[in-house]
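One structure is given below, encoded as structure tokens.
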Amino acid sequence: MALLTFLCLSLATVASPANAGDSTVLPLQESPTRSSPLLPKPARLILSDLDGTLIGKDGVLPPDNVEAFRLAHSLGIQVALSTGRPRTNVMELLGENNLKKMDFSGFPGIYLNGAYVLGPEGEVLRDSPLAHDTLKHILHIITEAGLLDKAVGVTEGPLVFFKEKSESLDVYSRVHKVHVEGEPSAVAGVRHRLEAELGDSIGFAQSHPRAFEVLQPGIDKGEALRLLSEVLGISPEEVLAVGNAHNDLPMFKVAGTAVAVGDGYEDAKAAADFITVPSTQGALMQVLLYVKAHLYPHSPSHEGTATVFSSLLHEKGAYTASRWLEKQQKCVDRTLQVVRKKVEGLADHIEKLRSMN
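Those letters in the sequence shown? Residues -20 to -1, 1 to 337, by mature numbering (1 follows the signal peptide of the UniProt record, and there is no 0).
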């Protein structure tokens, strides 16, 4: 077991640790619904939800979370957002001063719950607005129900709000999602009717019982994570996702490691691998401090690294012990493949040198 841990985790120690002084690390806590062992995976990308995660439940962006972006960059880890908001709204919400401190441009990123995805250079990887006729049908149903509704248009454009059925809907031909709000019973009734009348032509994302969003089918944060990972040339296993709500579950399922904030919804905490502090206490920074302490330890000793990992407390397992061992074996196999290729390359080089002599 120690050998398995050493082989898999030694890959993470090649990055230089940050020079910042040690901070007190609050351990990520074990979920009451999980008990199997799980070691955190080396992360090359952290995807953070925005509302209730990066920004606290109180609507305030903790200063520690701003600094967390710098810490991540010092560890060679990229941080991106995965949010239901459009990018223009996100940039306005975070503010120029914070964006500068975070060295954050808004891309790569997942917006509108996966309906709008930007690549590392700001290129549009996915742009999936609702079909015009579908949008009209959606608005007809929610208007008849008397619910406050709003439609969010192009990511780079202004938000479009619908308070009643619009006869001039043609001007809003780029609406990516419709956000429906109301009492839980009314919201559930509208969703049921939408499912019955529109079926497979729509999809849903839900962050809490009083609201849901209607999107194109097959659109969610998990599929967007797969797309973004492919473009970035990394595996979804190398992504650490942080979130708080039901619409984060697809992202949790795909990411190598999932972390829920302590004041998140119960289904999100049950689905996550780890639970950290509440969103108002700088959850992203606590995650980064934990990653720094355990994936990038100050000790240069690989044996010490393995010991640190094997003695972690408050871990939350997402897999059975056999599943965990299977993943460790795959990691060992990949590591051995890399070593084998390097040895073969070195042997070829030596052979060429001999032939020259």
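Using N, Cα and C, we set each Cβ at its ideal position, and we do this for glycine too.
Out of the options, which one is the CA nearest neighbour of residue i?
i: residue 257; options: 322, 35, 82; result: 35
i: residue 28; options: 180, 323, 320, 228; result: 228
i: residue 58; options: 327, 208, 243, 255; result: 208
i: residue 109; options: 158, 45, 206, 169; result: 158
i: residue 124; options: 84, 77, 174, 76; result: 174
i: residue 119; options: 89, 177, 33; result: 177
i: residue 45; options: 327, 328, 266, 329; result: 266
i: residue 96; options: 160, 199, 48; result: 199
i: residue 117; options: 179, 328, 331, 107; result: 179
Would you tell me roughly how many angstroms separate the C-alpha atoms of residue i and residue j, rounded to the nearest one?
i: residue 154; j: residue 234; result: 28 Å
i: residue 94; j: residue 319; result: 37 Å
i: residue 43; j: residue 263; result: 11 Å
i: residue 236; j: residue 219; result: 5 Å
i: residue 274; j: residue 22; result: 10 Å
i: residue 60; j: residue 37; result: 19 Å
i: residue 186; j: residue 56; result: 33 Å
i: residue 81; j: residue 50; result: 8 Å
i: residue 40; j: residue 249; result: 21 Å
i: residue 73; j: residue 67; result: 10 Å
i: residue 224; j: residue 64; result: 12 Å
i: residue 127; j: residue 62; result: 27 Å
i: residue 181; j: residue 122; result: 16 Å
i: residue 202; j: residue 241; result: 18 Å
i: residue 210; j: residue 104; result: 14 Å
Answer with buried or exposed for residue i, where buried requires no fewer than 16 other C-beta atoms within 10 angstroms of its C-beta.
i: residue 334; result: exposed
i: residue 24; result: buried
i: residue 336; result: exposed
i: residue 195; result: buried
i: residue 348; result: Absent from the structure is residue 348, since the part of the chain shown begins at -20 and ends at 337.
i: residue 193; result: buried
i: residue 183; result: buried
i: residue 70; result: buried
i: residue 89; result: buried
i: residue 326; result: exposed
i: residue 113; result: exposed
i: residue 115; result: buried
For residue i versus residue j, is the C-beta spacing smaller than 8 Å?
i: residue 53; j: residue 31; result: no
i: residue 231; j: residue 212; result: no
i: residue 156; j: residue 98; result: no
i: residue 167; j: residue 190; result: yes
i: residue 87; j: residue 102; result: yes
i: residue 226; j: residue 253; result: no
i: residue 271; j: residue 33; result: no
i: residue 245; j: residue 172; result: no
i: residue 268; j: residue 48; result: yes
Inset, instruction - Report the residue ranges of all alpha helix (DSSP H) runs contained in full by the region 56 to 133; include only those spanning at least 4 residues, in chain order. - result: 67 to 74, 76 to 82, 112 to 124
Inset, instruction - Give, in chain order, every unbroken run of the beta strand (DSSP E) that is at least 3 residues long and sits entirely within the region 163 to 200. - result: 183 to 188, 191 to 195
Legend entry - Segments assigned alpha helix (DSSP H), at least 4 residues, entirely inside the region 198 to 247: 201 to 212, 229 to 234
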